[in-house]
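Going left to right, the sequence shown walks through residues 1 to 484 as full-length UniProt numbering numbers them. Note that CB positions come from ideal geometry on N, CA and C, so glycine has one too. What follows is a short report on a single structure.
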Amino acid sequence: MTRRQDNIDVPTTAEPTAFGKKVFVRTYGCQMNVYDSDRMTEVLAREGYEATDTPEDADLVLLNTCHIREKAAEKVYSELGRLRKIKDERARDGKSTMIGVAGCVAQAEGAEISRRAPVVDLVVGPQSYHQLPGLLNRAKSGEKVVETEFDIDAKFEDLSRAAVKPVRQRPPSAFLTVQEGCDKFCTFCVVPYTRGAEVSRPVSQIVEEARRMAAEGVREVTLLGQNVNAYHGEGPDGKTWGLGRLLRELAEISGLDRLRYTTSHPRDMDEDLIEAHRDLKSLMPYLHLPVQSGSDKILKAMNRKHTRDEYFKLIDRIRDAAPGLALSGDFIVGFPGETDADFEDTMDLIRRVEYGSAFSFKYSQRPGTPGATMANQVPEDIKSARLLELQALLTEQQRAFNASRLGMVCDVLLEKKGRQPGQLTGKSPWLQAVQVDAPEDLIGTIQAVEIIEIGSNSLFGARIGRQDEHLSTAPDLKEVAFDA
Ligand code: SF4
Numbered sequence: 001m002t003r004r005q006d007n008i009d010v011p012t013t014a015e016p017t018a019f020g021k022k023v024f025v026r027t028y029g030c031q032m033n034v035y036d037s038d039r040m041t042e043v044l045a046r047e048g049y050e051a052t053d054t055p056e057d058a059d060l061v062l063l064n065t066c067h068i069r070e071k072a073a074e075k076v077y078s079e080l081g082r083l084r085k086i087k088d089e090r091a092r093d094g095k096s097t098m099i100g101v102a103g104c105v106a107q108a109e110g111a112e113i114s115r116r117a118p119v120v121d122l123v124v125g126p127q128s129y130h131q132l133p134g135l136l137n138r139a140k141s142g143e144k145v146v147e148t149e150f151d152i153d154a155k156f157e158d159l160s161r162a163a164v165k166p167v168r169q170r171p172p173s174a175f176l177t178v179q180e181g182c183d184k185f186c187t188f189c190v191v192p193y194t195r196g197a198e199v200s201r202p203v204s205q206i207v208e209e210a211r212r213m214a215a216e217g218v219r220e221v222t223l224l225g226q227n228v229n230a231y232h233g234e235g236p237d238g239k240t241w242g243l244g245r246l247l248r249e250l251a252e253i254s255g256l257d258r259l260r261y262t263t264s265h266p267r268d269m270d271e272d273l274i275e276a277h278r279d280l281k282s283l284m285p286y287l288h289l290p291v292q293s294g295s296d297k298i299l300k301a302m303n304r305k306h307t308r309d310e311y312f313k314l315i316d317r318i319r320d321a322a323p324g325l326a327l328s329g330d331f332i333v334g335f336p337g338e339t340d341a342d343f344e345d346t347m348d349l350i351r352r353v354e355y356g357s358a359f360s361f362k363y364s365q366r367p368g369t370p371g372a373t374m375a376n377q378v379p380e381d382i383k384s385a386r387l388l389e390l391q392a393l394l395t396e397q398q399r400a401f402n403a404s405r406l407g408m409v410c411d412v413l414l415e416k417k418g419r420q421p422g423q424l425t426g427k428s429p430w431l432q433a434v435q436v437d438a439p440e441d442l443i444g445t446i447q448a449v450e451i452i453e454i455g456s457n458s459l460f461g462a463r464i465g466r467q468d469e470h471l472s473t474a475p476d477l478k479e480v481a482f483d484a
């Protein structure tokens with residue numbers, strides 16, 4: 001599970017349609033919500049909706065919410081307060097506005113949302129987006145609609161339908177959901193309750209969607225799932241395929257030069273997937289593999305289902321197969337019962353593993369999860385002090401990793417305009433942002449770039465002349481020591 005990319009507004013550029021209705025979608029939370037927002041907009045485009053980037057302009061406003069952050073529901077209610085004013089103003093101009101709440105807060109709160117915020121016409125859980133047109137029709141007739149069933153197979157089937165036309169220009173790098181839900185029940189996490197049990201899309205659906213993306217100019221696909229490496233979809237041979245085999249299939253698609261996946265659980269890192277990192281040039285040398293804690297006692301209390309030693313052994317196997325792969329992780333400090341010694345175990349684990357990047361958080365109680373009612377909650381000031389110490393170490397490791405790229409030549413996928421005129425922003429194989437002086441017509445190409453400067457948030461690179469060759473995007477990893 002990842003927790004970043006807050007408050008991303010999606011999307012803005014659908015063509016006008018005969019119906020002239022406009023939809024504004026605001027996205028909170030993880031990459032899967034970004035992906036879902038795009039799919040919702042596609043479903044609505046089939047009905048004639050055009051996307052807009054301002055709620056004041058919209059006949060339909062959808063909040064695609066996230067339940068991971070603290071006080072997530074309260075933030076949604078205060079946003080709904082702002083939207084109520086917009087709805088009232090539009091009503092004074094004779095325009096009607098429908099307001100819908102989607103995503104994990106919708107799933108968790110259900111009918112409570114329309115009770116507390118009567119401005120809401122529609123509450124729709126993450127597995128029901130494909131039903132949006134029908135649900136909207138019911139809402140238009142005055143019904144307060146709440147749809148939070150876990151009908152995920154139907155959703156996946158609908159995802160496979162091509163949009164009438166692309167809602168917006170596909171970016172060179174795109175997300176593709178392959179799996180949803182989680183069966184792990186980590187005691188701090190709401191995902192198994194908001195997204196339900198693990199369900200994997202069939203291989204044929206994923207391959208079809210990936211081919212379509214490649215045909216629309218996508219060069220890099222990140223496979224998404226709350227527990228993506230638990231993927232177990234039906235293959236074309238009728239057998240169950242794991243993520244490694246799926247990646248091998250996707251690697252055959254012409255034009256898809258880069259593959260990534262997120263987010264993984266250590267328990268589901270099987271041999272085939274590790275070997276895929278060894279064998280597939282298009283599988284980028286980066287792995288986000290959250291461990292959360294380095295203490296066996298806390299791992300057990302978190303119900304993570306593995307020990308620190310098992311994690312170390314796994315990291316060794318992965319690094320043996322793919323030397324130079326950049327590791328990323330998630331850490332939670334201050335889980336109930338965490339002592340100074342437990343925290344020191346986490347610091348020790350970080351020192352031993354050496355991360356290229358990581359995300360870290362203070363534990364916060366999520367209503368409905370076992371952790372929320374555990375005894376020995378850690379005081380806030382201790383959590384803050386531990387987080388500072390842990391982040392200082394992770395930042396030091398990230399800087400060292402970035403510095404080790406200086407002078408290296410690597411392939412960079414140029415994705416969009418940079419901050420400075422004449423500059424483009426791209427991604428290194430290790431998921432670092434790289435700023436490169438290059439003309440705009442190179443957006444969507446992969447360029448050989450020498451890393452010439454290390455900034456605090458990104459790297460700076462100079463093209464070395466080789467044109468995009470549709471080839472491997474990673475250098476010979478054996479030459480790239482992680483801690484060089
Ligand atoms: S593996 Fe744990 S943290 Fe990740 S989504 Fe499942 S329950 Fe949440």
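Item checked: Pair within 7 Å by beta-carbon distance, residue 302 and residue 336 -> Here residue 302 corresponds to residue number 302 of the sequence shown, with the count starting at 1. Here residue 336 corresponds to residue number 336 of the sequence shown, with the count starting at 1. The answer is no: Cβ separation not under 7 Å.
Check: DSSP three-state call for residue 464: helix, strand or coil?
Finding: As a first step, residue 464 is located in the sequence shown; it is residue number 464 there, counting from the start. DSSP places residue 464 in coil when its eight states are reduced to three.
Next item on the list: Give the DSSP bridge partners of residue 103, in chain order.
Entry: The residue given as residue 103 occupies position 103 in the sequence shown. In DSSP, residue 103 forms a bridge with 65.
Next item on the list: May I ask whether a heavy atom of the ligand SF4 can be found less than 6 Å away from the beta carbon of residue 107?
Entry: For the purposes of this step, residue 107 is taken as residue 107 along the sequence shown, with counting starting at 1. Answer for residue 107: no, Cβ out of range of the ligand SF4.
Notebook entry, point to check: When we look at the beta-carbon of residue 137 and count the other beta-carbons within 10 Å, is it buried (16 or more) or exposed?
Noted result: Against the sequence shown, residue 137 aligns to sequence position 137. Per the 10 Å Cβ criterion, exposed.
Margin query: Quick check on residue 368: buried or exposed, where buried means 16 or more other Cβ atoms within 10 Å of its Cβ?
Written below: For this step, residue 368 is matched to residue 368 along the sequence shown. Looking at its Cβ environment, which holds fewer than 16 other Cβ atoms inside 10 Å, residue 368 is exposed.
Next item on the list: In the DSSP assignment, find the unbroken beta strand (DSSP E) run with residue 288 in it and report its ends.
Entry: Reading the sequence shown from its first residue, position 288 is the one you call residue 288. First-last of the beta strand (DSSP E) with residue 288: 286-288.
Notebook entry, point to check: Just curious, the alpha helix (DSSP H) that residue 184 is in, first and last residue?
Noted result: As a working mapping, residue 184 is identified with position 184 in the sequence shown. It is not in any alpha helix (DSSP H) - residue 184 carries neither H nor E in the DSSP assignment.
Notebook entry, point to check: Excluding the five sequence neighbours on either side, which residues of its own chain have a C-beta within less than 8 Å of the C-beta of residue 108, listed in chain order?
Noted result: Taking the sequence shown and counting its residues from 1, the one referred to as residue 108 is at position 108. Answer for residue 108: 67, 73, 190, 193, 194 and 368, listed in chain order.
Note to self: For residue 31, list the residues DSSP reports as bridge partners.
What the structure shows: Position 31 of the sequence shown, counted from the first residue, corresponds to residue 31. Partner(s): none; residue 31 has no beta bridge.
Check: Just how far apart, CA to CA, sit residue 225 and residue 202?
Finding: For the purposes of this step, residue 225 is taken as the residue at position 225 of the sequence shown. For the purposes of this step, residue 202 is taken as the residue at position 202 of the sequence shown. Each residue's alpha carbon lies about 14 Å from the other.
Checklist line | Bridge partners - residue 446, DSSP secondary structure assignment | finding: Translated into the one-based positions of the sequence shown, residue 446 becomes position 446. Partner(s): 413.
Next item on the list: Report yes or no: do three or more beta-carbon pairs, one from the region 293-307 and one from the region 412-430, lie closer than 8 Å?
Entry: Result no; under three Cβ-Cβ pairs closer than 8 Å.
Notebook entry, point to check: Which same chain residues, not among the five before or five after residue 79, have their C-beta less than 7 Å away from its C-beta?
Noted result: On the sequence shown, residue 79 is found 79 positions in, with the first residue counted as 1. The residues are 63.
Item checked: Pick from 251, 117, 266 and 299 that is closest to residue 287, judged by C-alpha positions -> Against the sequence shown, residue 287 aligns to sequence position 287. Here the closest residue by C-alpha is 266.
Notebook entry, point to check: What residue from 236, 293 and 217 has the CA that sits closest to residue 257's CA?
Noted result: Along the sequence shown, one-based indexing puts residue 257 at 257. With respect to the C-alpha of residue 257, the residue from 236, 293 and 217 having the closest C-alpha is 217.
Next item on the list: Kindly indicate which three-state DSSP category residue 329 falls into: helix, strand or coil?
Entry: Locating residue 329 in the sequence shown gives position 329, counting from the first residue. DSSP places residue 329 in strand when its eight states are reduced to three.
Margin query: Quick check on residue 184: buried or exposed, where buried means 16 or more other Cβ atoms within 10 Å of its Cβ?
Written below: Reading the sequence shown from its first residue, position 184 is the one you call residue 184. Within a 10 Å sphere around the beta-carbon of residue 184 sit 16 or more other beta-carbons, which makes this residue buried.
Notebook entry, point to check: Just reading off the beta strand (DSSP E) that residue 147 is part of, what are its end residues?
Noted result: Reading the sequence shown from its first residue, position 147 is the one you call residue 147. Run containing residue 147: 145-147, per the beta strand (DSSP E) assignment.
Next item on the list: Counting only the same chain and skipping the five closest in sequence on each side, list residues whose C-beta sits under 6 Å from that of residue 377.
Entry: Position 377 of the sequence shown, counting from 1, holds the residue named residue 377. For residue 377, where only same-chain residues beyond five positions count, the Cβ hits under 6 Å are 336.
Checklist line | Burial state of residue 452, where buried means 16 or more other Cβ atoms lie within 10 Å | finding: Your numbering for residue 452 matches position 452 in the sequence shown. Burial call: exposed.
Check: Is the beta carbon of residue 147 sitting closer than 7 Å to the one on residue 135?
Finding: Position 147 of the sequence shown, counted from the first residue, corresponds to residue 147. Position 135 of the sequence shown, counted from the first residue, corresponds to residue 135. Cβ atoms of residue 147 and residue 135: closer than 7 Å.
Note to self: In this structure, how does DSSP classify residue 335 when only helix, strand and coil are distinguished?
What the structure shows: Taking the sequence shown and counting its residues from 1, one reaches residue 335 at position 335. DSSP places residue 335 in coil when its eight states are reduced to three.
Item checked: DSSP state of residue 98 mapped onto helix, strand, coil -> To locate residue 98, count along the sequence shown from 1; it is residue 98. Residue state, collapsed to three classes: strand.
Next item on the list: Return helix, strand or coil for residue 238, following the three-state DSSP convention.
Entry: Position 238 of the sequence shown, counting from 1, holds the residue named residue 238. Here residue 238 sits in coil by DSSP.
Note to self: the ligand SF4 and residue 300: does any heavy atom of the ligand fall closer than 6 Å to the residue's C-beta?
What the structure shows: Taking the sequence shown and counting its residues from 1, one reaches residue 300 at position 300. Taken from the Cβ of residue 300, every heavy atom of the ligand SF4 lies 6 Å or farther away.
Next item on the list: Given a cut-off of 7 Å, decide if residue 230 and residue 538 are closer than it, judged by their beta-carbon atoms.
Entry: With the chain represented from 1 up to 484, any question about residue 538 goes unanswered, as that position is not in the structure.
Margin query: Between which residues of its own chain and residue 200 is the CB-CB distance below 6 Å, once the five residues before and five after are set aside?
Written below: As a working mapping, residue 200 is identified with position 200 in the sequence shown. Hits under 6 Å: 179, 231, 232 and 233.
Next item on the list: Would you grab the beta carbon distance between residue 328 and residue 358 for me? Rounded to a whole angstrom, and I think it's under 8 Å.
Entry: Along the sequence shown, read from residue 1 onward, the residue named residue 328 stands at position 328. Along the sequence shown, read from residue 1 onward, the residue named residue 358 stands at position 358. With a contact defined as Cβ atoms closer than 8 Å, residue 328 and residue 358 qualify at about 6 Å.
Check: Rounded to whole angstroms, how far is the Cβ of residue 282 from the Cβ of residue 346, which I believe are closer than 8 Å?
Finding: Here residue 282 is taken as the residue at index 282 of the sequence shown, counted from 1. Here residue 346 is taken as the residue at index 346 of the sequence shown, counted from 1. No, residue 282 and residue 346 are not in contact; Cβ-Cβ is about 34 Å, not under 8 Å.
Check: Exposed or buried, residue 106, counting other C-beta atoms within 10 Å across all chains shown (16 or more means buried)?
Finding: Taking the first residue of the sequence shown as position 1, residue 106 is located at position 106. Buried, because 16 or more other Cβ atoms sit within 10 Å of the Cβ of residue 106.
Check: If you draw a straight line from the alpha carbon of residue 325 to that of residue 221, how long is it in whole angstroms?
Finding: Working through the sequence shown from its first residue, we reach residue 325 at position 325. Working through the sequence shown from its first residue, we reach residue 221 at position 221. Cα to Cα, residue 325 sits roughly 18 Å from residue 221.
Checklist line | Where residue 451 sits in the DSSP three-state scheme | finding: As a position in the sequence shown, residue 451 is number 451, starting the count at 1. Assigned with DSSP and collapsed to three states, residue 451 falls in strand.
Next item on the list: Assign residue 87 to one of two classes, buried (16 or more other C-beta atoms within 10 Å of its C-beta) or exposed (fewer than that).
Entry: Locating residue 87 in the sequence shown gives position 87, where the first residue counts as 1. Classification of residue 87: buried, given that the 10 Å Cβ count is 16 or more.
Item checked: Of the residues 418, 186 and 206, the one placed nearest residue 436, counting alpha carbons only -> Here the question's residue 436 lines up with position 436 in the sequence shown. Measuring C-alpha to C-alpha distances from residue 436 to each of 418, 186 and 206 identifies 418 as the nearest.
Next item on the list: Could you tell me the boundaries of the alpha helix (DSSP H) in which residue 74 lies?
Entry: Here residue 74 corresponds to residue number 74 of the sequence shown, with the count starting at 1. Under the DSSP assignment, residue 74 falls in the alpha helix (DSSP H) whose first and last residues are 72-92.
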